[in-house]
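Engineer: Handing you this structure, nothing more for now.
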Amino acid sequence: MKNRVSELRKKKKLSQEELANEVGVTRQTITSIETGKYIASLPLAFKIAKFFNLSIEEIFSMEEED
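If you're matching positions, the sequence shown starts at 27 in the numbering used here and goes up one per residue.
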């Protein structure tokens, strides 16, 4: 699953730690989502989308990672 979490986080000039604190997870979870090793649960995907003021579909897509 592809996602834009890293791109969006960097645009807001946030560290992985800062984003993790905002959505209530560990930095390691954010790292794993950004690298595609972990797929965010639906509740977490909603939290991330709400934080960035975007829809889940604007952040996550079902396309396979390259």
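Virtual Cβ for every residue (Gly too), placed ideally from N, Cα, C. The structure displayed is predicted, hence computed values, not measured ones.
Let me know the secondary structure DSSP gives Asn47 once reduced to three states.
Structural biologist: Counting from one through the sequence shown, the residue named residue 47 turns up at place 21. Helix.
Engineer: Whole angstroms are fine: how far does the CA of Val31 sit from the CA of Leu40?
Structural biologist: Along the sequence shown, read from residue 1 onward, the residue named residue 40 stands at position 14. Along the sequence shown, read from residue 1 onward, the residue named residue 31 stands at position 5. Their backbone Cα atoms lie some 11 Å apart in a straight line.
Engineer: With Glu89 as the anchor, note down where its alpha helix (DSSP H) starts and where it stops.
Structural biologist: Reading the sequence shown from its first residue, position 63 is the one you call residue 89. Glu89 -> no alpha helix (DSSP H), and no H or E assigned at all.
Engineer: Helix or strand or just coil, what does DSSP make of Lys36?
Structural biologist: Looking up residue 36 in the sequence shown gives position 10. In this structure, Lys36 counts as helix in the three-state DSSP scheme.
Engineer: Spell out the partners DSSP gives Asn29 in its beta bridges.
Structural biologist: Here residue 29 refers to the residue found at position 3 when the sequence shown is read from its first residue. Per DSSP, Phe86.
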